[in-house]
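In my numbering, each number is its position in the sequence shown, counted from 1, plus 634. Every residue gets a Cβ at the ideal spot worked out from N, C-alpha and C, and that includes glycine. The structure under discussion appears below in the form of structure tokens.
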Amino acid sequence: MKKTILTGIRPTGPLHLGHLFGAVGNWVKLQKDYETFIEIADVQALTDNFNDPEKVHDNVLGIAKDLLSIGIDPNEVHLFIQSTIPEIAELTVYYSNLVTMARLYRNPTVKTEIAQKKALFGNDGESVTYGFVGYPVSQAADITAFEADLVPVGEDQLPLIEQTKEIIRKFNHIYGETLKEPEHLLSETPRIKGLDGNEKMGKSLGNALYLVDDDETITKKIQNAMTDPDKIHKDDPANPEKCMVYYYHKLVNKKNLEIVCEECQKGHRGCVNCKRELILHMQEFLEPIRKKRAYYDNHPEEVEAILKEGNKVAKQKAETVMKQVKEHMKIDYIK
Ligand code: ATP
Ligand code: MG
Numbered sequence: 635m636k637k638t639i640l641t642g643i644r645p646t647g648p649l650h651l652g653h654l655f656g657a658v659g660n661w662v663k664l665q666k667d668y669e670t671f672i673e674i675a676d677v678q679a680l681t682d683n684f685n686d687p688e689k690v691h692d693n694v695l696g697i698a699k700d701l702l703s704i705g706i707d708p709n710e711v712h713l714f715i716q717s718t719i720p721e722i723a724e725l726t727v728y729y730s731n732l733v734t735m736a737r738l739y740r741n742p743t744v745k746t747e748i749a750q751k752k753a754l755f756g757n758d759g760e761s762v763t764y765g766f767v768g769y770p771v772s773q774a775a776d777i778t779a780f781e782a783d784l785v786p787v788g789e790d791q792l793p794l795i796e797q798t799k800e801i802i803r804k805f806n807h808i809y810g811e812t813l814k815e816p817e818h819l820l821s822e823t824p825r826i827k828g829l830d831g832n833e834k835m836g837k838s839l840g841n842a843l844y845l846v847d848d849d850e851t852i853t854k855k856i857q858n859a860m861t862d863p864d865k866i867h868k869d870d871p872a873n874p875e876k877c878m879v880y881y882y883h884k885l886v887n888k889k890n891l892e893i894v895c896e897e898c899q900k901g902h903r904g905c906v907n908c909k910r911e912l913i914l915h916m917q918e919f920l921e922p923i924r925k926k927r928a929y930y931d932n933h934p935e936e937v938e939a940i941l942k943e944g945n946k947v948a949k950q951k952a953e954t955v956m957k958q959v960k961e962h963m964k965i966d967y968i969k
């Protein structure tokens with residue numbers, strides 16, 4: 635029997651390079667060897683976008699199309715929408731008794747994200763909601779609802795998986811062995827930096843290069859990307875490791891990476907030319923993805939059918955786990 639993968643993505647914007655190289659590329663590689671559930675986490679997206687339901691709604695289909703365009707195979711994967719599985723919400727309620735507020739506030743990912751969302755949660759996070767602080771609990775529900783063995787994610791997710799394991803251990807300790815403890819899996823590049831040099835490219839950080847960006851947008855974004863701040867003149871030697879343009883060359887330039895590095899170090903390469911070259915590599919890299927995306931844009935009914943089927947299979951699986959949880963928690967009264 636195949637082992638199970640559960641992983642997810644928030645419908646808060648289109649797929650970007652960070653997703654692709656940080657996590658989603660692994661999903662494509664593993665999909666044949668695992669029973670794979672990929673969740674479009676709309677409920678989680680609402681925790682910090684509750685005041686913008688259109689945004690979450692409008693990104694669900696787009697994210698599904700993006701995933702299919704980069705090689706997620708609907709014959710291998712159950713692609714589903716979180717809110718169609720009420721069992722996840724139900725599990726979240728039961729698990730919320732097993733975690734303290736102090737522990738949630740200490741979660742490094744939650745902490746960082748509250749600090750990044752000042753406009754929503756206030757300067758010191760004084761307006762943070764119960765739902766947002768509690769989203770790691772709903773993530774534990776996501777993972778356990780599908781009895782996941784493996785959760786392939788980007789590095790920012792590790793504290794959340796750790797928290798899931800704690801909830802699982804506590805549950806099993808109190809109610810008896812019920813829930814399966816998963817392993818995480820990181821890619822070779824588990825944290826892709828943003829165009830601005832920020833440690834993380836993120837949809838909510840405004841520093842992402844999206845797979846659906848058109849040529850004009852890509853050109854503008856790359857032209858404004860951060861380069862070595864100590865390089866003032868075209869022929870100054872520079873440090874490519876301080877340059878986001880070289881950083882993205884490393885991801886998509888399969889042709890002359892060593893030359894780019896060497897010329898940059900020796901001052902034989904101006905940033906304008908280097909960016910121009912990166913734009914060409916990026917266009918070449920995105921070409922097949924764009925073709926597939928255009929196909930799904932013209933066949934939205936196929937995408938909807940894939941999601942409908944995914945929702946169905948995911949619901950069946952979650953119902954089985956829910957039944958076991960209720961039995962162990964002694965909340966199955968009348969048979
Ligand atoms: P948001 O800002 O709304 O949280 P996001 O860009 O962080 O969006 P998610 O939907 O939260 O994207 O993440 C989906 C998956 O992609 C997760 O496994 C996450 O770890 C991974 N991921 C996201 N951004 C990066 C990145 N810059 N580098 C590596 N992995 C990433
Ligand atoms: Mg995120």
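Where the beta strand (DSSP E) through residue i begins and ends
| i | result |
| --- | --- |
| Phe671 | Glu669 to Ile674 |
| Leu640 | Thr638 to Ile643 |
Check whether residue i and residue j have beta carbons under 7 Å apart
| i | j | result |
| --- | --- | --- |
| Asn731 | Pro770 | no |
| Leu713 | Ile923 | no |
| Asp869 | Gly901 | yes |
| Ala698 | Val937 | yes |
| Glu781 | Lys814 | yes |
| Ala952 | Glu721 | yes |
| Ala775 | Thr743 | no |
| Val785 | Ile777 | yes |
| Gly647 | Lys837 | yes |
| Ile639 | Asp676 | no |
| Pro645 | Ile672 | no |
| Asp700 | Gln665 | no |
| Asn660 | Ser821 | yes |
| Ala872 | Cys908 | no |
| Met916 | Val947 | no |
| Leu649 | Leu845 | yes |
| His883 | Leu920 | no |
| Ile795 | Lys949 | no |
| Thr655 | Thr812 | The sequence shown places Phe at residue 655, rather than the Thr named in the question. No, the Cβ-Cβ distance between Phe655 and Thr812 is not below 7 Å. |
| Ala859 | Leu891 | no |
| Val662 | Gly705 | yes |
| Arg825 | Glu789 | yes |
| Leu792 | Val767 | no |
| Leu843 | Leu651 | yes |
| Ala779 | Val955 | yes |
Alpha helix (DSSP H) segment containing residue i, residue limits
| i | result |
| --- | --- |
| Val580 | Lying outside 635 to 969, the shown extent of the chain, residue 580 is not represented and no answer is given. |
| Gly765 | Tyr764 to Val767 |
| Phe919 | Cys905 to Asn932 |
| Phe755 | Lys752 to Phe755 |
| Ala657 | Counting along the chain, Ala657 falls outside any alpha helix (DSSP H), and DSSP gives it neither H nor E. |
| Leu649 | Looking at the DSSP string, Leu649 is not in any alpha helix (DSSP H), and its letter there is neither H nor E. |
| Tyr739 | Met735 to Arg740 |
Counted within 10 angstroms of its Cβ, other Cβ atoms place residue i as buried (16 or more) or exposed
| i | result |
| --- | --- |
| Asn757 | exposed |
| Gly840 | exposed |
| Phe755 | buried |
| Gly810 | exposed |
| His691 | exposed |
| Tyr729 | buried |
| Lys636 | exposed |
| Leu914 | exposed |
| Val906 | exposed |
| Thr798 | buried |
| Phe805 | buried |
| Thr978 | Shown here, the chain extends from 635 to 969; a query on residue 978 therefore has no answer. |
| Phe684 | exposed |
| Ser703 | buried |
| Thr763 | exposed |
| Asp686 | exposed |
| His623 | The structure shown does not extend to residue 623, since the chain is modelled only from 635 to 969, so the question has no answer here. |
| Arg903 | buried |
| Glu747 | buried |
| Pro934 | exposed |
| Ile893 | exposed |
| Lys834 | buried |
| Asp682 | buried |
| Ser772 | buried |
| Tyr930 | buried |
Cβ of residue i within 7 Å of any chain C Cβ
| i | result |
| --- | --- |
| Pro645 | Here chain C cannot be found, since the structure has a single protein chain. |
Quiz prompt | Pocket of the ligand ATP defined by Cβ to heavy atom distance under 6 Å | solution = Result: Ile643, Arg644, Thr646, Gly652, His653, Gly656, Ala657, Val787, Gly788, Asp790, Gln791, Pro824, Arg825, Ile826, Lys834, Met835, Gly836, Lys837 and Ser838.
Quiz item: Going along the chain, which unbroken runs of the beta strand (DSSP E) with 3 or more residues stay wholly within the segment 664 to 727?
Solution: 669 to 674 and 711 to 715
Exercise. Starting from the N-terminal side, write out each stretch of the alpha helix (DSSP H) that is 4 residues or longer and does not extend beyond the segment 779 to 818.
Key: Here the runs fully enclosed are 792 to 809.
Quiz item: Can you list the alpha helix (DSSP H) stretches of 4 or more residues lying completely in the segment 834 to 891, in chain order?
Solution: Fully enclosed alpha helix (DSSP H) runs of 4 or longer: 849 to 857 and 878 to 886.
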